[in-house]
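Residue numbers (the working numbering): 348 to 699. For each residue, glycine too, the CB sits at the ideal point set by N, CA and C. Computed from a prediction, not measured in an experiment: that's the story for all the values here. A quick write-up on the structure given underneath.
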């Protein structure tokens with residue numbers, strides 16, 4: 348039966364464009380493992396950095412209990428669709444000899460939410476489902492923990508799901524169904540073992556990763572660029588490292604993934620900060636950058652300028668940005684930059 352199920356889901360994945368599909372049923376043992384995972388999250392730095400974990404902990408620990416109608420949970424791994432043309436060509440390109448800001452290469456693919464939803468819609472249609480719920484990063488659900496339990500992959504030291512042949516580059520989606528679909532779990536065997544590799548740990552510029560597999564999330568560039576709300580402290584601006592959105596350094600070094608590493612897109616942070624917000628909003632509409640929003644992108648661009656401009660150019664740039672932006676997050680980020688440059692100037696004067 349297991350082999351028949353595997354062929355069934357392999358064919359389904361091929362038809363809908365997923366990499367792999369697994370299926371779980373309600374199981375007290377599964378919920379016990381989710382509770383342990385939640386406790387690990389809540390007792391780590393992630394518990395305070397991601398407050399929704401605490402707010403949604405009951406649902407996260409018991410996904411079927413919150414959906415009493417559901418008899419099956421499909422978990423899919425998939426790749427975001429590559430764009431036919433390079434996106435964001437209307438955004439200001441980096442200039443030689445000027446500060447640069449980067450968009451991580453995966454941002455240049457189609458918004459993975461759209462790619463995943465399209466696949467899940469095909470699955471629902473192919474299986475003739477009537478009552479179901481699906482999503483991609485859209486509901487309180489421990490997708491990675493559930494996918495690991497289903498054997499779609501194993502956690503890497505970068506806290507992402509490591510999948511055979513793809514490293515940690517795949518995205519995850521879910522579909523709850525009222526229909527009792529056949530169970531399918533896999534055995535994910537990873538070689539080399541993470542303990543014999545450690546490349547993701549070595550490639551993280553902020554030492555946010557360790558052998559424990561617990562992410563120091565406040566140091567993570569992706570978290571700071573994509574999820575951190577409000578202003579950035581001076582230390583956070585340094586950790587952000589000129590990123591506008593995302594960071595792929597710990598993913599592209601994984602030896603499971605033998606595909607060529609795509610290049611990040613380099614943009615001009617000054618021009619981005621000075622661009623009218625309405626114009627920037629229109630340019631990112633429908634892309635993954637829409638989830639970050641204009642205010643956060645401009646805040647990140649200001650941080651990229653802060654860590655690259657020489658001290659003698661800092662004050663003029665700070666005033667230029669303040670005169671054209673009213674976003675509290677950006678202005679407070681610049682205030683942290685001003686405090687740093689003021690302290691640096693005083694230290695330099697004391698040495699003279």
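From the listed residues 374, 444, 436, 385, the smallest Cα separation to residue 411 is found for 374.
Using a C-beta cut-off of 8 angstroms, the region 630-645 makes contact with the region 662-680, since at least three inter-stretch Cβ pairs fall below that distance. Our two residues, residue 477 and residue 525, have alpha carbons roughly 8 angstroms apart in a direct line. Distance between residue 492 and residue 565, taken at the CA atoms: about 21 angstroms. Every beta strand (DSSP E) stretch that sits fully inside the region 444-476 and reaches 3 residues is listed by chain position as 448-450. Distance from the Cα of residue 499 is smallest, within the candidate group 608, 365, 559, 622, for 365. Taking 3 residues as the minimum length, the beta strand (DSSP E) runs contained wholly in the region 559-606 are 590-592, in order along the chain. In the same chain as residue 417, and ignoring 5 residues on each side of it, the C-beta atoms closer than 7 angstroms to its own belong to 411, 523, 524, 525, in chain order. Ranked by Cα distance from residue 415, the options 480, 379, 426, 351 are led by 480.
Within the same chain, 439 come within 6 angstroms of residue 618 by CB-CB distance, once the 5 residues on both sides are set aside. For the pair residue 600 and residue 611, the Cα-to-Cα distance works out to about 14 angstroms.
Residue 572 sits close to residue 592, with the two beta carbons spaced by under 7 angstroms.
In this structure, residue 501 sits near residue 537, with a CB-CB distance shorter than 7 angstroms. For residue 370, the enclosing beta strand (DSSP E) stretches over residues 367-371. Segment contact: the region 458-465 against the region 652-670, fewer than three CB-CB distances shorter than 8 angstroms; contact not assigned. In this structure, residue 616 lies near residue 652, with their beta-carbon atoms less than 7 angstroms apart. Here the alpha carbons of residue 545 and residue 362 stand approximately 36 angstroms from one another. The three-state secondary structure of residue 689, taken from DSSP, is helix.
The region 550-569 and the region 389-408 touch, with no fewer than 3 CB-CB distances between them shorter than 8 angstroms. Counting only unbroken stretches of 4 or more residues, the alpha helix (DSSP H) elements lying wholly within the region 618-671 are 624-631, 636-639, 641-655, 658-671, in sequence order. Within the same chain, and ignoring the five residues on either side of residue 556 in sequence, the residues whose Cβ sits closer than 7 angstroms to its Cβ are 504, 505, 547, 548, 562, 597. Shown here, residue 608 sits in coil according to DSSP, grouped into three states, outside any helix or strand.
Under the three-state reduction of DSSP output, residue 506 falls in the coil class, being neither helix nor strand.
With respect to the 7 angstroms criterion, residue 594 and residue 569 are classified as neighbours on the basis of their beta carbons.
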